[in-house]
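A.B. asks: Below you'll find the structure I mean.
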Amino acid sequence: MSPTTGGRGRAYHPLMAFPDGLADFRSDTVTRPTPAMLEAMASAPLGDDVYHDDPTVNLLEEESAASVGKEAAVFVPTGTMGNQLSIMFHTSPGEEVLANAASHLRSIEAGAAQALSGVAFRTVDREGGQILAEDVDDAMELAGFFPRISLMTWENTHNLSGGRVIPFEVMEKSSARARSHGLSIHIDGARIWNAVAATGIDGPAWGALADTIQFCFSKGLGAPIGSVVCGSEEAIAEIRYLRERMGGGMRQVGVIAAAARVGLAERERLVEDHELAQKLALGFAERFPGSIEPSDVETNLVRVGFNALGMEWPQVTDRLEEANIKVNPPLKGGWRIVTHRDVDAGDIDRLFAALS
Ligand SMILES: Cc1ncc(COP(=O)(O)O)c(C=O)c1O
């Protein structure tokens, strides 16, 4: 596997990023491991992680916990597992979870919370994934024979609203209110490092707003696999036990934790994805007036009003296919285009050339 030079002028490996010039804007999950990740994977010291014997996983867990100011962390295969183990830990069957209606852990995890933890959701229908302190009070007003709410969850950045950042002050106020009602708090921080990059507010500050926080290595951080749940020593010991119950105990998993360590160490580069997202947003605003408000784009997810393009999807998809560009089809008129470490400014120029 001798290194050669890729389309983006960087040395690549046969396993690596899009050597054929493909630009894939579907998600930040499509990235391939970088050469540094592959090298780290190839040379990682390994052990059986179920025995806590994998030094690479142990290091990743320590670094992850410290990155969000928590005592401990546990490595899990996916963000879904991280969220669901956290819900399982914080709730009992028959209880409710207070969440924004457009939460990934409620709507896009195949009913896992309902099926595995036996909980229902008390939802707040607010833009941008927000929950205000008054929403917490409203939800908690119903006592007696109403289902008990035991957990409030956040998602930051918020996927379905187009990568919006829930402002720190909003989370701070509502989390304090939730705590005053005795609720536990979990953050789905699949993209928390995008919130950090966008606001300059560091990981420990966000982490302090919740009892547990999960974040993903396989999104903007660019690693192929993995997420982590961080919390107190006690919480993580129990979540580790629940991970075993769910079949999530892994063995020489340092082989993937090594790539995750590289992604985490390089997290400051996410500002580059945000700059590319701005380039996309400004390009759409200029070429297709009314399709987007660039100031709405806060991180790496760009949501374009497809109807403002004045084109039909089959026409667009044909043009993009011809230009070797992948983008998901629009959903209910909203067209999500995502920047990440395997696309660059030249790919965006190609996208606009194909659309014009
Ligand atoms: C906000 C959010 N939470 C959780 C997940 C789940 O992560 P995974 O795909 O690793 O299960 C995703 C995945 O896209 C997500 O966007």
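16 is the number of the first residue of the sequence shown in my numbering; add one for each residue after it. Using N, Cα and C, we set each Cβ at its ideal position, and we do this for glycine too.
Per the DSSP calculation, Ile251 is bridged to which residue(s)?
C.D. replies: None, per the DSSP bridge assignment.
A.B. asks: If Phe303 sits next to Trp350, beta carbons under 8 Å apart, how far is it from one beta carbon to the other, in whole angstroms?
C.D. replies: Their Cβ separation, rounded to whole angstroms, is 11 Å, which puts Phe303 and Trp350 out of contact at 8 Å.
A.B. asks: Pop quiz: Leu430 and Ser189 are said to be a contact at Cβ under 8 Å. What is the actual Cβ separation, rounded to whole angstroms?
C.D. replies: Since the first and last residues shown for the chain are 16 and 371, residue 430 lies out of range.
A.B. asks: Can you find a heavy atom of ligand 1 that lies under 6 Å from the Cβ of Asp311?
C.D. replies: Asp311 Cβ: outside cutoff for every heavy atom of ligand 1.
A.B. asks: Between His173 and Trp328, what straight-line distance do the alpha-carbon atoms span, to the nearest angstrom?
C.D. replies: For His173 and Trp328, the distance between alpha carbons rounds to 26 Å.
A.B. asks: Cβ of Cys231 within 6 Å of any heavy atom in ligand 1?
C.D. replies: Yes, Cβ of Cys231 sits closer than 6 Å to a heavy atom of ligand 1.
A.B. asks: What does the alpha-carbon distance come out to for the pair Leu316 and Leu257?
C.D. replies: Distance between the alpha carbons of Leu316 and Leu257 is about 32 Å.
A.B. asks: What runs of the alpha helix (DSSP H), each 4 residues or longer, lie entirely inside the stretch 126-179?
C.D. replies: List check, alpha helix (DSSP H) in window: 148-156.
A.B. asks: Measuring only the C-alpha atoms, how far is Arg89 from Ile254?
C.D. replies: Note on identity: in this sequence residue 89 is Val, with Arg being the wrong assignment. Taking the straight line from one Cα to the other gives about 8 Å.
A.B. asks: Answer yes or no: the CB of Thr93 versus the heavy atoms of ligand 1, is any distance below 6 Å?
C.D. replies: Yes; taking the cut-off as 6 Å, the Cβ of Thr93 has a heavy atom of ligand 1 nearer than that.
A.B. asks: Classify Gly97 as helix, strand or coil using the three-state DSSP reduction.
C.D. replies: Note: Gly97 maps to helix in three-state DSSP.
A.B. asks: Can you tell me whether Ser371 is buried or exposed, with buried defined as 16 or more other CB within 10 angstroms of its CB?
C.D. replies: Exposed.
A.B. asks: By a C-beta neighbour count over all protein chains shown, 10 Å radius and 16 as the cutoff for buried, is Leu291 buried or exposed?
C.D. replies: Classification for Leu291: buried.
A.B. asks: Hey, would you say the C-beta of Ala205 is under 6 Å away from at least one heavy atom of ligand 1?
C.D. replies: Correct: Ala205 has its Cβ closer than 6 Å to ligand 1.
A.B. asks: Decide if the stretch 225-243 is in contact with the stretch 190-209; the criterion is three or more beta carbon pairs, one per stretch, under 8 Å apart.
C.D. replies: The stretch 225-243, when compared against the stretch 190-209, does touch it at the 8 Å Cβ threshold.
A.B. asks: When we look at the beta-carbon of Leu113 and count the other beta-carbons within 10 Å, is it buried (16 or more) or exposed?
C.D. replies: Buried.
A.B. asks: Among Asp150, Gly269 and Val139, which has the Cα closest to the Cα of Pro92?
C.D. replies: Nearest option by C-alpha distance: Gly269.
A.B. asks: CA-CA distance, Asn209 and Met261?
C.D. replies: Whole-angstrom Cα-Cα distance: 29 Å.
A.B. asks: So the candidates are Leu366, Ala220 and Gln330; which of them puts its Cα closest to the Cα of Val83?
C.D. replies: Among Leu366, Ala220 and Gln330, the Cα nearest to that of Val83 belongs to Ala220.
A.B. asks: What are the boundary residues of the beta strand (DSSP E) that includes Thr332?
C.D. replies: Element bounds for Thr332: not the beta strand (DSSP E) but the alpha helix (DSSP H), Trp328 to Glu337.
A.B. asks: Between which two residues does the beta strand (DSSP E) containing Val89 stretch?
C.D. replies: It spans Ala87 to Val91 - the beta strand (DSSP E) in which Val89 sits, taken as one unbroken run.
A.B. asks: Which runs of the beta strand (DSSP E) spanning at least 3 residues fall entirely within the stretch 240-301, listed in chain order?
C.D. replies: Within the stretch 240-301, the complete beta strand (DSSP E) runs of at least 3 residues are 242-246.
A.B. asks: Whose C-alpha, out of Asp43, Leu37, Asp35 and Leu74, is nearest the C-alpha of Gly237?
C.D. replies: Checking every option, the nearest Cα to that of Gly237 belongs to Asp43.
A.B. asks: At what residues does the beta strand (DSSP E) containing Ile363 begin and finish?
C.D. replies: No beta strand (DSSP E) contains Ile363, which is instead part of the alpha helix (DSSP H) from Ala360 to Leu370.
A.B. asks: May I have the straight-line CA-CA distance separating Glu184 from Arg365, to the nearest angstrom?
C.D. replies: If I take the Cα positions, the gap works out to 39 Å.
A.B. asks: In or out: His196 buried (at least 16 other Cβ within 10 Å) or exposed?
C.D. replies: With fewer than 16 other Cβ atoms within 10 Å, it is exposed.
A.B. asks: Going by alpha carbons, who is nearest to His211 out of Met167, Ala59 and Glu313?
C.D. replies: In the sequence on display, residue 211 carries Val and not His. The shortest Cα separation from Val211 among Met167, Ala59 and Glu313 belongs to Glu313.
A.B. asks: So is Leu346 buried or exposed if we call it buried at 16+ other beta carbons inside 10 Å?
C.D. replies: By the 10 Å Cβ count, Leu346 comes out exposed.
A.B. asks: Would you kindly report the start and end of the unbroken alpha helix (DSSP H) that includes Gly218?
C.D. replies: Residues Gly218 to Gly222.
A.B. asks: Following a CB-centred definition, is His119 positioned closer than 6 Å to any heavy atom of ligand 1?
C.D. replies: Yes - ligand 1 has a heavy atom lying nearer than 6 Å to the Cβ of His119.
A.B. asks: Roughly how many angstroms separate the alpha carbons of Ala369 and Glu187, rounded to a whole number?
C.D. replies: Ala369 and Glu187: Cα-Cα distance of roughly 44 Å.
A.B. asks: Among Ile271, Phe367 and Cys245, whose alpha-carbon lies nearest the alpha-carbon of Glu301?
C.D. replies: Glu301 has its Cα closest to that of Phe367, out of Ile271, Phe367 and Cys245.
A.B. asks: For Glu170, verify whether its CB is less than 6 Å away from any heavy atom of ligand 1.
C.D. replies: Yes, the beta carbon of Glu170 sits closer than 6 Å to at least one heavy atom of ligand 1.
A.B. asks: Measure the beta-carbon distance from Val151 to Arg192 and round it to whole angstroms, keeping in mind my assumption that it falls under 8 Å.
C.D. replies: Correct: roughly 4 Å between the Cβ atoms.
A.B. asks: Quick one: residues in its chain with C-beta nearer than 7 Å to the C-beta of Asp68, no 5 flanking neighbours on either side, listed in chain order?
C.D. replies: So the list reads Gly62, once near-sequence residues are dropped.
A.B. asks: In angstroms with no decimal places, state the Cα-to-Cα distance between Gln99 and Gly126.
C.D. replies: Their Cα atoms are separated by approximately 10 Å.
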